[in-house]
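There are 2 protein chains.
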Amino acid sequence: MLDAFERLVVATGERSATFDATAAEAGVSKGGLLYHFPSREALVDGLVDRLGALLDADVAAMTSAPDGVVDYVLRTSSPSAIPADDPLDRCITAVAGLAASGLWPRAASALASMQQRWHDVVLDEVGDPAVAQVVSLVSDGLYFTPGQFSSDGSGSPGPARPRASLDEVIALLRGLGR
Amino acid sequence: MLDAFERLVVATGERSATFDATAAEAGVSKGGLLYHFPSREALVDGLVDRLGALLDADVAAMTSAPDGVVDYVLRTSSPSAIPADDPLDRCITAVAGLAASGLWPRAASALASMQQRWHDVVLDEVGDPAVAQVVSLVSDGLYFTPGQFSSDGSGSPGPARPRASLDEVIALLRGLGR
DNA sequence: GTCTATAGGACGATAGAC
DNA sequence: GTCTATCGTCCTATAGAC
C-alpha cells in the first residue's frame with residue numbers, strides 16, 4: 005500500500021494521490037487502506053520513515069564507495085545514471101513532492117536532514133567547506149530540476165544548447181579537491 | 005489580484021491558494037475575482053505570463069552585469085542575497101510551487117524554458133560546456149533547496165556542520181573559467 | 001464590475017456489516 | 001482485516017441581482 009502511495013505521488017503529484025486513487029492502485033478498497041493508515045498523515049509518515057531507513061543504507065554505501073564519495077554522490081544524484089526503479093530515488097522524489105505541497109512539515113525536515121547528512125560525508129572527504137558546498141549544490145541541482153518538471157517540450161522555442169555530460173562535470177569537480 | 009494569488013502560493017502552497025483565499029487576500033469577493041480570472045488555469049497563466057516578462061528584463065540585466073554573468077547568476081539565485089520582496093524571485097517561487105503540484109504543465113515548461121535561457125547566457129560567457137553546466141546546477145541547487153522547504157529544525161538532530169559562504173563558492177567557480 | 005447564493009463534485013474520515 | 005455506504009467539508013464554477 006505504501007508502494008502504491010509512493011508511485012502515485014511520484015507519477016501524478018501529492019494532490020492526486022488520494023485515498024481513493026491509492027486504494028485502487030494497491031488493489032484494495034478505501035476502507036481496507038484506512039485500516040492500516042488511519043489518516044493521510046499516517047501515509048506521509050510511512051514514506052518519511054522509509055526514507056530514513058533507505059538513507060541509512062545509502063550513507064553506508066557512500067562511505068565505502070570504491071571511486072570516492074564525490075563520485076558516488078554526483079552519480080547517484082543524476083537522473084540519467086539512476087535505474088528508473090531505484091527504491092531510494094523513488095522515495096526521495098515522493099517525499100520531495102509531499103514537501104513541495106507545503107502541507108507536510110515532517111517531509112520537509114526529512115529532506116533537510118538528508119541533505120545535511122550527505123553534506124557531512126562529503127565534507128569529511130574533501131576537507132574544504134567551499135568545495136563541499138559546491139558538490140552538495142550540484143547534487144541538489146541535479147536532483148531537483150531536470151526531469152522533476154516533466155516538460156512537454158513547448159517550453160523550448162529554439163534548439164537546446166549543448167549541455168555537458170555527467171562525466172565531464174564529475175571530472176571538473178574532482179579537480180577542485182586537489 | 006494576481007499579486008494576492010502569487011503571495012498565497014509562495015506563503016501557503018498551491019493547494020491553499022483557493023479562489024476564496026485569493027479573493028480575501030486581494031480584498032474583493034469571489035465573484036469579483038472570477039470575473040477577471042474565469043478559471044484557476046487563468047490565474048496560473050497570468051503568473052506564467054508575468055514570469056516571462058520579468059525574465060526578459062532579468063536576462064537583459066544579466067548580460068550587462070558589471071561583475072560578469074556568473075557572479076550575477078549565482079548571486080541572484082541565492083536566497084540569502086535576494087531582497088525578500090524581489091518581484092522576479094517571488095514569481096519564480098510561485099511558479100515553481102505551481103509546477104511542483106503536477107497539475108499545471110504550462111508552469112513546468114515555463115520553468116524549464118527559464119533555466120535554458122540562463123544556461124545559454126552562461127555558456128556564451130564561459131565557453132566551456134562543463135563549466136557552464138556546473139554553474140547552472142549550482143544556481144539550481146541554490147534556488148530549489150535551501151529555504152524552499154521551511155524546516156522547523158527538528159530535522160537536524162546534531163549540530164550543523166560548517167557551510168561555505170556564497171562569496172567563497174563564487175570565487176571557486178570563477179577559478180574554473182580560467 | 002462586483003456582489004450573494006448555490007449547484008455540483010471530490011476528498012478525508014467514520015460507521016458498521018461480513 | 002477488508003468491504004460498502006455515507007456524512008461533513010471544502011473547492012471550482014455558474015446564475016443572477018444590483
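So the sequence lines, in the order shown, correspond to chains U and Y.
Adding 4 to a residue's 1-based position in the first sequence gives its number in this note's numbering.
Adding 4 to a residue's 1-based position in the second sequence gives its number in this note's numbering.
Each residue gets a CB set at the ideal place from its N, CA and C atoms; glycine is no exception.
Under the 10 Å beta carbon count, U:A104 is surrounded by 16 or more other beta carbons and is classified as buried. Taking 9 Å as the Cβ-Cβ cut-off, the region 69 to 102 of chain U approaches chain Y at A100, G101, given in chain order.
If you draw a 10 Å sphere on the C-beta of U:Y39, you find fewer than 16 other C-beta atoms in it, and that means exposed. Annotation: U:L107 is outside any alpha helix (DSSP H) and is labelled neither H nor E by DSSP.
Residues A85 of the same chain have their beta carbon placed closer than 6 Å to that of U:R79, with the five preceding and five following residues left out of the count. For U:V32, no alpha helix (DSSP H) segment is defined, and its DSSP state is neither H nor E.
For U:R44, the enclosing alpha helix (DSSP H) stretches over residues 44 to 67. In this structure, U:S82 places its C-beta atom within 8 Å of the C-beta atom of U:L146.
In this structure, U:T26 sits near U:A8, with a CB-CB distance shorter than 8 Å.
Not one beta carbon of chain Y lies nearer than 8 Å to the beta carbon of U:A28.
The continuous alpha helix (DSSP H) containing U:D171 extends over residues 170 to 180.
Your pair U:A136 and U:V130 checks out as a contact, with CB atoms roughly 5 Å apart and the cut at 8 Å.
Annotation for U:L37: M5, F23, T26, A27, A30 place their beta carbon closer than 8 Å to its own, counting only its chain and skipping 5 residues before and after. Closest in alpha carbon position to Y:D49, among Y:H123, Y:A175, Y:A98, is Y:A98. Shown here, Y:D90 sits in coil according to DSSP, grouped into three states, outside any helix or strand. Proximity to U:R167 across Y:H123, Y:W108, Y:I174, Y:A112 peaks at Y:H123, based on C-alpha coordinates. Listed in chain order, the positions of the region 12 to 41 of chain U with a beta carbon within less than 8 Å of a beta carbon of chain Y are T16, G17, E18, R19, S20. Per DSSP, reduced to three states, the secondary structure at U:P70 is coil, with no helix or strand assignment. From the beta-carbon of U:A65, no residue of chain Y is found nearer than 7 Å; the closest lies around 20 Å away. Neighbours of Y:E172 in chain U, taken as residues whose beta carbon is under 7 Å from its own, are A134 in chain order. Under a criterion of Cβ atoms nearer than 8 Å, no residue of chain Y is adjacent to U:D7; the nearest Cβ is some 19 Å distant. Residue environment analysis places Y:E45 among the exposed positions, since fewer than 16 neighbouring C-beta atoms fall within 10 angstroms of its C-beta. The beta carbon of U:R167 falls within 8 Å of a beta carbon belonging to chain Y, placing the residue at that interface. Between U:E172 and U:L102, the beta carbon gap of about 33 Å keeps them out of contact (Cβ cut-off 8 Å). Straight-line spacing of the CA atoms in Y:S43 and Y:G35 works out to 11 Å.
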